[in-house]
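Residue numbers (this note's numbering): 85 to 356. Beta carbons are placed, not taken as given, at the ideal position from N, Cα and C, and that holds for glycine. Take a look at the structure below.
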Amino acid sequence: MNRIKKTFENLKKNNRKALGIFLTAGDPDMDTSLEILTKLPPNGVDFIEIGMPFSDPMADGPTIQESSERALKSGMTLKKCLLIVKKIREKNNEIPIILMGYYNPIYKYGRKLFVKTALEYGVDGLIVVDLPAEEDEELYNYSEKNNLSFIRLITPTTNHTRLKHILKDASGFIYYVSITGITGTQSAKLSEVSIKLDNIRQLTNLPIVIGFGIRTPKQALDMSSISDGIVVGSAVVDTIKASLDNNQAASSSTVFNCLNFISEISNKMRHI
85 MNRIKKTFEN LKKNNRKALG IFLTAGDPDM DTSLEILTKL PPNGVDFIEI GMPFSDPMAD
145 GPTIQESSER ALKSGMTLKK CLLIVKKIRE KNNEIPIILM GYYNPIYKYG RKLFVKTALE
205 YGVDGLIVVD LPAEEDEELY NYSEKNNLSF IRLITPTTNH TRLKHILKDA SGFIYYVSIT
265 GITGTQSAKL SEVSIKLDNI RQLTNLPIVI GFGIRTPKQA LDMSSISDGI VVGSAVVDTI
325 KASLDNNQAA SSSTVFNCLN FISEISNKMR HI
């Protein structure tokens, strides 16, 4: 059984919802990024989304864009991003790891080499935001053939016909984007999201995870109450940014502040 399926089944048995955390690989530098990522599991995180830095992240708001800029400036590459996964696996072989990003760096790296290396290093799934279902021949077909889950994004504007098409071959879990527009800029209404998720559940048995727009422990609790899990990204990246020194480098509080914020969210979701 793959890690994604195992994790969600175990959480369901224990009447818990999944907490996923998004962080950009190499933000603000490789060592700090790796330290935070390896410490996520003991701080209540159930799966990890690692952003593959890209110079033109069109679906991301200023917060994630700036984190990509910091990572790229520090020397982060797709090859190093994959190495971060390998290093995480040296300490934890259970937590699902999802790589999220854009197709251009993967295309330049080489589709087959990327999938081969990702699997070898311990990646469980991919979210490629600029590859719609109509472009499955680019990466989806090859990824799925090699048992690397290709996680589909569903937005509030996805109509029923397209929803059926997208969900037909979905795997891993469904990532519901709770807002329209870019990341980190607004929040969604719980009632509206709940209706959308009910529609999705009629077409799939896969877990549904809500992302985008979740910035506080209260929002995390609310959104997890109507889904199988949530992802918090921009708010965590903002915490990292706020801790940096005047040179935009990690300070003595960067790791602590980031993990402390994540623990607050986790504790709220667990009703502690």
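Simplified DSSP state of residue i, which is helix, strand or coil
i: Leu197; result: helix
i: Leu359; result: Because the chain in this structure spans residues 85 to 356, residue 359 falls outside the shown range and cannot be described.
i: Leu95; result: helix
i: Glu174; result: coil
i: Met136; result: coil
i: Leu305; result: helix
i: Ala102; result: strand
i: Thr323; result: helix
i: Phe340; result: helix
i: Ile294; result: strand
i: Thr108; result: strand
i: Leu183; result: strand
Residues near residue i in its chain [Cβ-Cβ closer than 6 Å; skip 5 each side]
i: Leu305; result: Lys352, Met353
C-alpha distance - residue i paired with residue j, whole-angstrom precision
i: Ser275; j: Gly295; result: 15 Å
i: Asp282; j: Ser335; result: 44 Å
i: Gly209; j: Lys192; result: 19 Å
i: Gly185; j: Thr239; result: 17 Å
i: Cys165; j: Ser151; result: 14 Å
i: Arg246; j: Asp214; result: 16 Å
i: Leu118; j: Ile172; result: 7 Å
i: His194; j: Lys163; result: Note that residue 194 is Gly in the sequence shown here, rather than His. In a straight line, the C-alpha of Gly194 is about 11 Å away from that of Lys163.
i: Gln303; j: Glu133; result: 19 Å
i: Glu221; j: Leu156; result: 29 Å
i: Val277; j: Lys325; result: 29 Å
i: Glu219; j: Leu121; result: 31 Å
i: Arg236; j: Thr201; result: 21 Å
i: Glu348; j: Ser337; result: 16 Å
i: Tyr187; j: Gln286; result: 30 Å
CB contact flag (residue i, residue j, <9 Å)
i: Val212; j: Tyr259; result: no
i: Met136; j: Ala109; result: yes
i: Ser318; j: Ile148; result: yes
i: Val169; j: Gly206; result: yes
i: Arg299; j: Pro180; result: no
i: Phe138; j: Val316; result: no
i: Asp253; j: Tyr226; result: no
Sequence-distant residues of its chain with Cβ nearer than 8 Å to residue i (five each side left out)
i: Asp312; result: Phe92, Leu95, Lys96, Lys101, Ala102, Phe257, Pro291, Ile292, Val293
Spatial neighbours of residue i in its chain, beta-carbon cut-off 7 Å, leaving aside the 5 residues before and after
i: Ala217; result: His249, Ile250
i: Thr269; result: Residue placement at Thr269 cannot be trusted, given a pLDDT of 47 that sits under 50; what the coordinates show is reported in the next sentence. Answer for Thr269: Gly145, listed in chain order.
i: Gln332; result: Pro112, Arg154
i: Ile356; result: For Ile356, the predicted model reports a pLDDT of 48, less than 50, meaning its position is unreliable and no value from the coordinates is stated.
i: Met160; result: Ala109, Gly110, Met114, Pro137
i: Glu178; result: Arg87
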